[in-house]
Structures are given as C-alpha cells and as structure tokens.
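Reading through the structure tokens given below for one structure.
Numbering (the UniProt record's numbering), first residue to last: 1 to 160.
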C-alpha cells in the first residue's frame, strides 16, 4: 500500500539531505515515512527573523498525486494561517501538482511568511492589521517569533 508514495518520499528525503536547503529541515517521525516534522526559520532581515517555526506534514498514500496535510505546530500570527495551524496556500490545495516535493512545499511556506495572500485570509485579524496597521501586525509577528524560540528551547530541554 502506497509503494509509489513511499518511493517518492524517500527521494524527497534524500534530496533534503543532499541539498541542505537554507533555513529548512524536515524528516520522518520515528521512521514513519508518511508523517514528518519540519522546521522553517524566519527569513533574515524581516519581522520573522530569528523565528523557528515547526510544522507537521502528513502524506496521503497517494502522494504525490495528492498533497500532504501541513500544519504549523508553533503559534504563528499570519493572514494565511488558521488558529489550528492549517495553512491557506494554493499549492497545498487546488494548485497542487506532483512536481512539488517536500523542499518546494517548505520553501513556499517560508516565502509565504513575508508575502501573505490577503485575498483569501485564514486569519482575518492578521489580514486587517497587515493592510491597515502594519506596526501592530509586526508587533504580533514578533510575539510569534519569541513564542517560537521559547517553544524550541522548551523542546530542547525536554529532549535532554
């Protein structure tokens, strides 16, 4: 079951290990190739700088023909992120194509942080602040950055 998906996910993992994309990492959780954890660092010289944003990726058995379910597991204040961490991103829905791989997905999410799509907001408060009160939006984003760092430190303490 899912042998094509398994092969493709192994290729995606190898690509991540060989190419080491900047500020992105991802790997399967406890050997389960269909469930991954990932981290995306906030882009430098932006309000997201310094943030360590973790995500979960759950791949269907018909991947890459269907997209994974991707959620932030750290709190993120962003116009395209729902309260539960789900991400409103076209390539994870109607614009999905089997050419997208894990690296491409995470790079797109990292890019979305600094370039939100306010046409279809998942978080209306963030969308309104982004367009009408940028300084308050930036303050709330920086709160997310601080929370992400604290969550990462807490996880490190827990792992030790």
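Ideal placement from N, C-alpha and C gives every residue a C-beta, glycine not left out.
* Asked: So, do the region 66-75 and the region 10-20 have three or more beta carbon pairs nearer to each other than 8 Å?
  -> By the Cβ criterion, the region 66-75 is not in contact with the region 10-20, since fewer than three pairs of Cβ atoms, one from each stretch, lie closer than 8 Å.
* Under 8 Å between C-beta atoms of residue 18 and residue 110 -> no
* To do: Kindly provide the ranges of any beta strand (DSSP E) runs that are 3 or more residues long and lie completely inside the UniProt domain "UBC core" (4-150), ordered along the chain.
  => As far as the UniProt domain "UBC core" (4-150) is concerned, its whole beta strand (DSSP E) runs of at least 3 residues are 24-29, 32-41, 52-58 and 69-72.
* Asked: Ordered along the chain, which non-local residues of its own chain (more than five positions away) have a Cβ less than 6 Å from that of residue 141?
  -> 47 and 77
* Could you tell me the distance, in whole angstroms, from the CA atom of residue 145 to the CA atom of residue 136? => 14 Å
* Is the region 34-50 close to the region 85-100, with three or more CB pairs under 8 Å? -> no
* Asked: Does the distance from the C-beta atom of residue 16 to that of residue 103 stay below 8 Å?
  -> yes
* Is it true that the CB of residue 40 sits closer than 8 Å to the CB of residue 59? -> no
* Contact belief for residue 123 with residue 131 at Cβ below 8 Å, rounded distance in angstroms -> Taking 8 Å as the upper bound for CB-CB distance, residue 123 and residue 131 are not in contact here, some 13 Å apart.
* **Residues near residue 126 by beta carbon distance below 6 Å, same chain, minus five either side** => 77, 78 and 79
* **Which listed residue (115, 151 and 99) has its alpha carbon closest to that of residue 81** => Ranking the options by Cα distance to residue 81, first place goes to 115.
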